Amino acid sequence: MADGSPSLKIALIGNPNSGKSTVFNQMTGLRQRTGNFPGVTVEVKEGTLRFPNGNEATLFDFPGTYSLYPTSTDEKVVASVLANPSDPYFPDAMVYVADVTNLEKHLLLFTQLLDLNIPLLLALNMSDSASELGIKVNASKLSESFGVPVIPISGRTGHNTMRLILELEKMVNRVPSTVVRVPFYPLTDSEKQVSEAIRQNLGVVNPYRALLLAHHVAWLHFLTQPEKETASAIISTKKFQSLRAQVDETLERYDRFIPISQAAVVSPPAFPNTPTDRIDAVLTHRLGGPLIFFAVMMLVFQAIFDWSVYPMDWIESGFGALSVFLTAQLPAAWYTELLTEGILAGLGGILVFVPQIAILFLLISILEEVGYMSRVVFMFDKTMRRFGMNGRSMVSLISGSACAVPAIMSSRTIGNWQERLITVMVTPFISCSARIPVYLVLIGLAVPAVKLGGVLSLQSLVFGAMYALGVLAAFASGWAMKRWLHRREHSFLAIELPVYRIPHWRNVILNVWEKVRAFIVGAGKIILVVSIALWGLSRFGPGDSIEQADQLAQTEAQQLNMDSIESEGLVQQRRLEASWAGQAGKVIEPVIRPLGYDWKIGIALLTSFAAREVFTGTLAVLYNMGGAEADINDRSENAAKATLRERMKNEKFSDTGKPVYTLATALSLLVFYALAMQCFSTLAVVSRETGSWKWAALQFTFMSLAAYLGAWAVYVVFS
-17 MADGSPSLKI
-7 ALIGNPNSGK
3 STVFNQMTGL
13 RQRTGNFPGV
23 TVEVKEGTLR
33 FPNGNEATLF
43 DFPGTYSLYP
53 TSTDEKVVAS
63 VLANPSDPYF
73 PDAMVYVADV
83 TNLEKHLLLF
93 TQLLDLNIPL
103 LLALNMSDSA
113 SELGIKVNAS
123 KLSESFGVPV
133 IPISGRTGHN
143 TMRLILELEK
153 MVNRVPSTVV
163 RVPFYPLTDS
173 EKQVSEAIRQ
183 NLGVVNPYRA
193 LLLAHHVAWL
203 HFLTQPEKET
213 ASAIISTKKF
223 QSLRAQVDET
233 LERYDRFIPI
243 SQAAVVSPPA
253 FPNTPTDRID
263 AVLTHRLGGP
273 LIFFAVMMLV
283 FQAIFDWSVY
293 PMDWIESGFG
303 ALSVFLTAQL
313 PAAWYTELLT
323 EGILAGLGGI
333 LVFVPQIAIL
343 FLLISILEEV
353 GYMSRVVFMF
363 DKTMRRFGMN
373 GRSMVSLISG
383 SACAVPAIMS
393 SRTIGNWQER
403 LITVMVTPFI
413 SCSARIPVYL
423 VLIGLAVPAV
433 KLGGVLSLQS
443 LVFGAMYALG
453 VLAAFASGWA
463 MKRWLHRREH
473 SFLAIELPVY
483 RIPHWRNVIL
493 NVWEKVRAFI
503 VGAGKIILVV
513 SIALWGLSRF
523 GPGDSIEQAD
533 QLAQTEAQQL
543 NMDSIESEGL
553 VQQRRLEASW
563 AGQAGKVIEP
573 VIRPLGYDWK
583 IGIALLTSFA
593 AREVFTGTLA
603 VLYNMGGAEA
613 DINDRSENAA
623 KATLRERMKN
633 EKFSDTGKPV
643 YTLATALSLL
653 VFYALAMQCF
663 STLAVVSRET
673 GSWKWAALQF
683 TFMSLAAYLG
693 AWAVYVVFS
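-17 is the number of the first residue of the sequence shown in our numbering; add one for each residue after it.
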């Protein structure tokens, strides 16, 4: 929790797909941020909740979980926090979000939370959908039976959100720090003995929390070694059978809450042919469903190009005008060059692609809100199992189109270790948002903007082909790993398909804002550091190499009778070649020349190992320093308006004079970036999720080799 945040902590808890995150967005709006639980890579959203009386609280959106008897990493984090009152995320109160259209499936965890004696409120989400389906809920009867406030809400429309906040405000003001209620689940004699012994020896107050410690003593990291030894001794002495006790408790809870749910919820007779069923008959058809999915993806790619033209032009023009203005206003000094040719050029090379990234997230968010993405997971489950994964792996692969880091972390929901490992290893092949700037620069450079049949452009087809290449590489790698690991265990997908709904636009916009902000902030930090470092490496060189290059270039320009603009361009080029960056590029040029790359591209390849999106910022810096421009205090209007693509089109090999960026080179670079592992953050997460650097090293080696060979083959074919 950030310093200075409100001291009152409220946890938002619920099953996966309960609409909990949507409720979180309604309650916090833009007053939210994302972090990690201490010591783990599990994400937690936290936001500021403002009560009508002016007080504030920190609202935590905990990962979705089905029970306090966890089977995944996300669920273990939730159980660990709630079992440890000293945890910094331990809540003062909880809001449990349940899908009222499937209430019985959501009450197991709710009744477990009841027995922890933490102030608790039940929010019956999707009440609007329940009304449409003819489901009637007696919230008062539920409140009386469970002994907690019960509020029907709709996270999509915001219905009753303020009532929920008001009830929460009253609850946290009227209850003491701990509440005493009759346990929903009465402990058996065996459980009572173990619970009481742990309470006395470990100083635990709540009986059910003491029982949780007995169940999870092996992996609860907050317990000291003496505490673990004591608890283990109690379990052994009492001959406590944890697994059997968990099963018996779960069955007993169902026997107790199902009658309560049936008495309070009245559902109409189920009709076999609802609008959702009729739509699914088409969208999930065995043959037509996948074709529709691919058509939808192609329309998404087309929109990324067509809708982003004007905002891209505005951003490019804005950075160009700002650079010219600052150059004219500031003195001709090194810090002026750093600002205009380093920082602004690097940031401009990234921010210009924000429109495309925002459009991608917008369309994917709409598909998720509508309910279509769940159908995609369902449709491709059988296919995924053939490649060593399962339907849940599809969530990671689809999420990988945004960023591989959270996509890999989402694989924790996969119970089978080998299926999870394969998913982690192949997910980085999926083209993420960091690759989009590279794709767009190279496609716009080499592929003509012609329409095929007056609908799809050739550029969007190539863009889609890059995503298809990543998917094929992921599936091929999964197939190979499946046979290498000799997987014997099989798992099957169990997923609840939501009804189709009109998207809630506020939620969509908040989601897009969060993703784009995270991209800008995350990429911006890297770009700023890399741009400053690259500017220094490009401006300075060993010894007096820069001065010698300057003199030689001026002599060469006089011999060739160049004018002032051509002469300045030659001087800048020779200075860049003599710099530290230029010499590093020259060293690796023999290795990458078979791919059609020169030493400048080599520098971009090296710097983009920090993050792929650095590629465009690096080229923007290099070509801004090495381009043929007028004197820095007298830039022409054309030079001020020059874009990165225009500079790249004019680039030539110094030894042959041939253009660097031919169709073959551009396609080679596209394939290289589609297949290469160039993200240190992803490698770190892979290492953490697999528990070993050997898997990250294997992944890096394999993807780099595949990228090199693939890029070489494409360059040879198209040359």
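Even glycine gets a Cβ: it sits at the ideal position worked out from N, Cα and C. These numbers come from a predicted model, not from an experiment.
Taking residue i as the reference, give the member of the options with the closest Cα.
i, options, result
"residue 134", "665, 264 and 121", "121"
"residue 413", "594, 578 and 487", "594"
"residue 511", "83, 326 and 403", "326"
"residue 307", "322, 142 and 646", "322"
"residue 100", "55, 188 and 88", "188"
"residue 257", "75, 115 and 190", "115"
"residue 86", "239, -5, 130 and 525", "239"
"residue 483", "55, 71, 66 and 138", "138"
"residue 677", "448, 404, 539 and 525", "404"
"residue 226", "173, 450, 684 and 396", "173"
"residue 375", "410, 337, 37 and 560", "410"
Starting from the C-beta of residue i, find all residues in its chain whose C-beta is less than 7 Å away, skip the five residues before and the five after it, and write them out in chain order.
i, result
"residue 271", "265 and 361"
"residue 355", "349 and 380"
"residue 517", "320, 323, 324 and 603"
Check for me: the beta strand (DSSP E) holding residue i runs from which residue to which?
i, result
"residue 676", "Not the beta strand (DSSP E): residue 676 falls in the alpha helix (DSSP H), residues 675 to 700."
"residue 134", "132 to 134"
"residue 120", "Note, residue 120: premise wrong, no beta strand (DSSP E); not H, not E."
"residue 38", "38 to 43"
In whole angstroms, give me the CA-to-CA distance for residue i and residue j.
i, j, result
"residue 692", "residue 32", "54 Å"
"residue 401", "residue 462", "13 Å"
"residue 467", "residue 383", "26 Å"
"residue 697", "residue 647", "6 Å"
"residue 57", "residue 285", "38 Å"
"residue -2", "residue 128", "22 Å"
"residue 145", "residue 136", "11 Å"
"residue 446", "residue 649", "13 Å"
"residue 182", "residue 89", "30 Å"
"residue 247", "residue 51", "27 Å"
"residue 185", "residue 63", "17 Å"
"residue 680", "residue 669", "11 Å"
"residue 352", "residue 486", "9 Å"
"residue 103", "residue 481", "26 Å"
"residue 672", "residue 358", "27 Å"
"residue 43", "residue 78", "11 Å"
"residue 269", "residue 371", "21 Å"
"residue 6", "residue 41", "8 Å"
"residue 152", "residue 81", "24 Å"
"residue 292", "residue 583", "28 Å"
"residue 497", "residue 416", "12 Å"
Consult DSSP for residue i and reduce its assignment to one of helix, strand or coil.
i, result
"residue 206", "coil"
"residue 654", "helix"
"residue 365", "helix"
"residue 76", "strand"
"residue 582", "helix"
"residue 105", "strand"
"residue 32", "strand"
"residue 440", "helix"
"residue -6", "strand"
"residue 642", "coil"
"residue 342", "helix"
"residue 247", "strand"
"residue 434", "strand"
"residue 27", "strand"
"residue 69", "coil"
"residue 614", "For residue 614, the predicted model reports a pLDDT of 35, less than 50, meaning its position is unreliable; a value from the coordinates is still stated below. If DSSP states are grouped into helix, strand and coil, residue 614 belongs with coil."
How far does the alpha helix (DSSP H) with residue i in it reach, from first residue to last?
i, result
"residue 635", "Looking at the DSSP string, residue 635 is not in any alpha helix (DSSP H), and its letter there is neither H nor E."
"residue 568", "562 to 574"
"residue 424", "418 to 428"
"residue 200", "Taken as a continuous stretch (DSSP letters only), residue 200 belongs to no alpha helix (DSSP H), as it is neither H nor E."
"residue 302", "291 to 311"
"residue 148", "143 to 156"
Once you ignore the five residues that flank residue i on each side, which residues in its own chain have a CB closer than 6 Å to its CB?
i, result
"residue 653", "692, 693 and 696"
"residue 591", "660"
"residue 562", "519 and 523"
"residue 175", "220"
Comparing the CB of residue i with every heavy atom of the ligand COA, is any distance shorter than 7 Å?
i, result
"residue 282", "This structure lacks the ligand COA; in fact it carries no ligand of any kind."
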